[in-house]
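Undergrad:
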Amino acid sequence: MTAEHATATRNGETLYSYDQVDEGDDVTLTADAPEDGWVFAGWQVTEGGLTLDNTADTVTFQMPTSDVVVSAQYEYVGTPDVTDDGSGDIVAGVVIGGIAAVGAYEVGTGLYRITQMDDVAMPTNRLALAKLLWERAGKPEPESTALYSDISAEDTDAQKAARWAVEQELLKDDTNEDEQKFHPAFPVSKLRVCLTWEKAKQKGLFDTAAE
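Read in the working numbering, the sequence shown has 126 at position 131, and its numbers run on one by one without any break.
#1: Taking DSSP as the reference, what is the three-state secondary structure of Gln197?
#2: Quick one, which of Glu8, Lys196, Leu200 has its alpha-carbon nearest Pro137's?
#3: Assuming Ala157 and Leu122 make a contact with CB atoms under 8 angstroms, what is their CB distance in whole Å?
#4: Glu18 to Thr151, Cα distance in whole Å?
#5: Quick one: is Lys155 buried, meaning 16 or more other Cβ sit within 10 Å of its Cβ, or exposed?
#6: With the cut-off set at 7 angstroms, would you say Ala116 and Ala160 are in Cβ contact?
#7: Please work out which residues of its chain come closer than 6 angstroms, Cβ to Cβ, to Ile52, disregarding the five sequence neighbours upstream and downstream, and give them in chain order.
#8: Report the rounded CA-to-CA distance for Thr74 versus Asp145, giving the unit in angstroms.
#9: Is it right to say Ser66 is buried, meaning 16 or more other beta carbons lie within 10 angstroms of its own, or is it exposed?
#10: Measuring straight from C-alpha to C-alpha, what distance separates Ala(-2) and Val40?
#11: Residue range of the beta strand (DSSP E) that Gln39 falls in?
#12: Applying the 10 Å Cβ sphere with the 16-neighbour rule, what's the burial state of Tyr11?
#13: Once the 5 residues before and after Ala195 are set aside, which same chain residues still bring their CB inside 8 angstroms of it?
#14: Any idea what DSSP makes of Lys155, helix, strand or coil?
#15: Among all the DSSP beta bridges, which residues are the ones paired with Gln163?
#16: Please confirm if Ser139 has its CB atom under 7 angstroms from at least one CB of chain D.
#17: Is Thr4 near the ligand NAP, going by C-beta to nearest heavy atom under 6 angstroms?
#18: The beta strand (DSSP E) spanning Ala3 covers which residue range?
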C-alpha cells in the first residue's frame, strides 16, 4: 500500500509506503492539506484498479488482492494579476486561474521563449521541473549530498537537481527520520511551473538576459 500526498490508515494506525495490508482490510485515505491557492482535485490510482470518489478528500476502500498505489491530486484556483510594465513584456503579479491567464503568465515570465526557442519541453512532473531550473542555473552543486530514496542513486543529475531545488526553497520534499523522498513523478501544472520559474528569477538564481 503506497499513498502519495495523502495519509493512509488502517484501524486508526498510519500505514507507511509499501506496508503490507491484508486483502479485505478497510483502508482510509486522507489527502494532505493543499497549499494556499490550491484545492483537492481527486485521486489518481496507478496500481490496484480502484475507483475512488474524486469529490471527497477522505475515502475508505477495501484492500484488493493486488498492491495499491494512489496519490492525491490538486488543482490551482487562484488568479495572476497581469499588467504591462511599459516595456512590452507582461509582468505577472501574484497568482491567477484560467487558460488565457496561464498563457499570459507563461509569456510574462519568459518561460515561453525558453521552451519554444531552445526546444525545451515544458515540465510535467516535479523532477522535470527541478532539472529545468537546475540546468538553467548552471547546474550548481547542492550543499547536501544526501540522496532521495525515490530517485535512482545512479542518476546523479536528478539527485542534485532535486536537492538543489529544495535547498533554494523552490520545491518541497518529504523528509523524516527514516528516509527522504522527493516524489519525482508527481505531476505539476503549467501554472505551477511558471510560478516556480518566476520565483527562481526573483531569487536571482539564473541569468534572465537571454529571455
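Every residue gets a Cβ at the ideal spot worked out from N, C-alpha and C, and that includes glycine.
All figures in this text were calculated on a predicted structure; none of them were measured in a lab.
TA: A quick look at the data gives this:
#1: Taking the first residue of the sequence shown as 1, we reach residue 197 at position 202. DSSP places Gln197 in the helix class (H, G or I) of the three-state scheme.
#2: Taking the first residue of the sequence shown as position 1, residue 137 is located at position 142. Comparing Cα positions, the closest option is Leu200.
#3: As a first step, residue 157 must be located in the sequence shown, where it is residue number 162. As a first step, residue 122 must be located in the sequence shown, where it is residue number 127. Contact holds; Cβ gap of about 6 angstroms.
#4: Along the sequence shown, read from residue 1 onward, the residue named residue 18 stands at position 23. Along the sequence shown, read from residue 1 onward, the residue named residue 151 stands at position 156. One Cα belongs to Glu18, the other to Thr151, and the distance between them is close to 38 angstroms.
#5: Taking the sequence shown and counting its residues from 1, one reaches residue 155 at position 160. Classification for Lys155: buried.
#6: Along the sequence shown, one-based indexing puts residue 116 at 121. Along the sequence shown, one-based indexing puts residue 160 at 165. Taking 7 angstroms as the Cβ cut-off, Ala116 and Ala160 do not qualify as a contacting pair.
#7: Indexing the sequence shown from 1 puts residue 52 at position 57. Before going on, a small fix: residue 52 reads as Asp here, not Ile. Within the same chain, Cβ atoms closer than 6 angstroms to the Cβ of Asp52 are found at Ala26, Phe35, the five residues on either side in sequence being excluded.
#8: The residue labelled residue 74 in the question sits at position 79 within the sequence shown. The residue labelled residue 145 in the question sits at position 150 within the sequence shown. Note that Thr74 scores 44 on pLDDT, short of 50, meaning its location in the model is unreliable; the coordinates nonetheless yield the value given after this. Spanning the two alpha carbons is a distance of roughly 33 angstroms.
#9: Along the sequence shown, one-based indexing puts residue 66 at 71. Classification for Ser66: buried.
#10: Taking the sequence shown and counting its residues from 1, the one referred to as residue -2 is at position 3. Taking the sequence shown and counting its residues from 1, the one referred to as residue 40 is at position 45. Ala(-2) and Val40 have their alpha carbons spaced roughly 9 angstroms apart.
#11: For this step, residue 39 is matched to residue 44 along the sequence shown. That run of the beta strand (DSSP E) goes 33 to 42.
#12: Within the sequence shown, numbered from 1, the residue matching residue 11 stands at position 16. It counts as exposed.
#13: In the sequence shown, residue 195 corresponds to position 200, counting from 1. So the qualifying residues of the chain are Leu128, Arg131, Ala132, Gln163, Leu165, Phe201.
#14: Within the sequence shown, the letter at position 160 stands for residue 155. Here Lys155 sits in helix by DSSP.
#15: By one-based count along the sequence shown, residue 163 stands at place 168. Bridge partners of Gln163: none, in fact.
#16: Annotation note: the requested chain D is absent from the structure, which comprises a single protein chain.
#17: Inclusion of the ligand NAP in the displayed structure is not the case, the ligand content being empty and no account of it being possible.
#18: Position 8 of the sequence shown, counted from the first residue, corresponds to residue 3. 1 to 5 is the span of the beta strand (DSSP E), which, as asked, contains Ala3.
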